[in-house]
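Below is one structure, written out as structure tokens, with a few remarks after it.
Next up, the structure:
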């Protein structure tokens, strides 16, 4: 819903496009935006665009001013994003300039000292990305602060490769990102490395990411790591390998292939090794339940994506659920739960509470019915 909507635009061959639009008091579920603005102005030299969102001091959620300003000129185009909080502190000041050159597009980030999440950074002297007509990318960009936090994008010199591009994210403090509107409340230190490499007959994308001392909504999770490798080939087959680590121990690994034929075909296997259920606790609202223990096992998925066949097994290792609001604790059986042809089978699977007389489950869950 909204209170006011105003739109006024004029387009003529001599004047081009000129006008403005605004919406007041826009509400989408619990989201409330007080004013949304868009203005377009064109003359013989350039086209300028300015948009923004303003939440005034009476907004019940966030008070801020944000704007996006752009210009399209005869030789280049530019876009700048700005954000200020209710104290007038600059939270974002970051933009890009795009300029066509001979056989390439040149991208330069602006200004020289940008601001991201209220932290001031500095771009290196080069600060350029070239995307050539054959999509070859040459990059030399460093956006770092005085402590070495920031982002690097750098193309490596490699005579055997058509592309060899590194992207590095250094020591990003998630709490500072969470100070921006509508971001979830995370804390921790995030770092990542990504590489894209291409030769005449080979492509590879690899990513390694780590979050130290991760918390969500003030609930501790721990040190998390993630790795991913993608290898496509000329026969439309894609190989994928990934892992998840918790406190420097691998708890989940997965690898498989996807064939991009008429219907598609997937063949993947995932293995769980002491996967800690306490990771889930941070995402359970209001601590309604607390999980403990871990899960081992393996899952194999094969077939066409619309009708996969799932097989495998799961082993619950000292798994329990504390439901404090109901004054109950549930302890789960540690016997193997088999998965056969999309059916998870329970053979007198026991769930204990305070006595030695368990509640038993006999039956199955058919994944095709979910």
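Numbering (our numbering), first residue to last: 76 to 445. Beta carbons: idealized from backbone N, C-alpha and C, even for Gly. Please read these numbers as outputs of a predicted model, since none were measured by experiment.
State yes or no: is the C-beta of residue i nearer than 7 Å to some heavy atom of the ligand SAM?
i           : result
residue 428 : Within the structure as shown, the ligand SAM is missing, as the structure has no ligands at all.
Do residue i and residue j have their C-beta atoms within less than 8 Å of each other?
i           : j           : result
residue 245 : residue 225 : yes
residue 238 : residue 273 : yes
residue 142 : residue 164 : no
residue 347 : residue 367 : no
residue 58  : residue 192 : With the chain covering 76 to 445 only, the question about residue 58 has no answer from this structure.
residue 82  : residue 93  : no
residue 438 : residue 414 : no
residue 108 : residue 101 : yes
residue 436 : residue 424 : yes
residue 409 : residue 397 : no
residue 276 : residue 309 : yes
residue 190 : residue 168 : yes
residue 182 : residue 204 : yes
residue 179 : residue 207 : yes
residue 161 : residue 132 : yes
Return the chain-ordered list of same chain residues with a C-beta closer than 6 Å to the C-beta of residue i, the five sequence neighbours on each side being excluded.
i           : result
residue 144 : 125, 155
residue 282 : 269, 303
residue 110 : 99, 129
residue 289 : 263, 296, 299
residue 406 : 395, 427
residue 378 : 384
residue 140 : 129, 159
residue 355 : 366
residue 284 : 267, 301
residue 185 : 170, 172
What's the call for residue i, buried or exposed, on a 16-neighbour Cβ count within 10 Å?
i           : result
residue 326 : buried
residue 135 : exposed
residue 214 : buried
residue 230 : buried
residue 223 : exposed
residue 228 : buried
residue 321 : buried
residue 434 : exposed
residue 202 : buried
residue 380 : exposed
residue 258 : exposed
residue 339 : exposed
residue 369 : buried
residue 402 : exposed
residue 445 : exposed
residue 106 : exposed
residue 210 : exposed
residue 103 : exposed
Can you find the residues in the same chain that come closer than 8 Å, C-beta to C-beta, to residue i, ignoring five residues on each side of it along the sequence?
i           : result
residue 400 : 363
residue 429 : 404
residue 241 : 227, 228, 229, 230, 231, 268, 269, 270
residue 79  : 97, 98, 99, 100
Within 8 Å of any Cβ in chain E, is that where the Cβ of residue i sits?
i           : result
residue 195 : The displayed structure is made up of one protein chain only, and chain E is not part of it.
Between residue i and the rest of its own chain, which residues show a CB-CB distance below 7 Å, the 5 nearest in sequence each way excluded?
i           : result
residue 287 : 263, 264, 298
residue 96  : 81, 82, 113
Check whether the region 251-263 touches the region 312-327, counting contact only when three or more Cβ pairs, one atom from each stretch, lie closer than 8 Å.
The region 251-263 vs the region 312-327: no contact.
Just to confirm the assignment: which complete alpha helix (DSSP H) runs, minimum length 4, are found wholly within the region 211-264?
Fully enclosed alpha helix (DSSP H) runs of 4 or longer: 249-252.
Say whether the region 362-380 touches the region 418-425, bearing in mind that this needs 3 or more beta-carbon pairs closer than 8 Å, one atom from each stretch.
These segments do not touch.
Just list the beta strand (DSSP E) runs in the region 166-192, keeping only unbroken ones of 3 residues or longer that don't cross its boundaries, in chain order.
Listed in chain order, the complete beta strand (DSSP E) runs (minimum 3 residues) inside the region 166-192 are 179-191.
3 or more residues per run - each beta strand (DSSP E) lying fully within the region 331-375
Every beta strand (DSSP E) of 3 residues or more that sits fully in the region 331-375 is shown, in chain order, as 340-351.
Contact the region 331-342 vs the region 353-364: 3+ CB pairs below 8 Å:
Flag = no, the region 331-342 and the region 353-364 do not touch.
Quick one: any contact between the region 171-184 and the region 282-299, if contact means 3 or more CB pairs under 8 Å?
Counting C-beta pairs closer than 8 Å gives fewer than three between the region 171-184 and the region 282-299, which falls short of the contact rule.
Go through the region 112-139 residue by residue and report every complete run of the beta strand (DSSP E) that reaches 3 residues or more, in order.
Runs of the beta strand (DSSP E) inside the region 112-139: 121-130.
To test your reading of the DSSP string, which unbroken beta strand (DSSP E) runs of 3 or more residues are found completely within the region 268-302?
List check, beta strand (DSSP E) in window: 277-291.
At 3 residues or longer, and completely inside the region 411-436: list those beta strand (DSSP E) runs for me, N to C.
The beta strand (DSSP E) runs of length 3 or more contained entirely in the region 411-436 are, from start to end of the chain, 411-415, 418-427.
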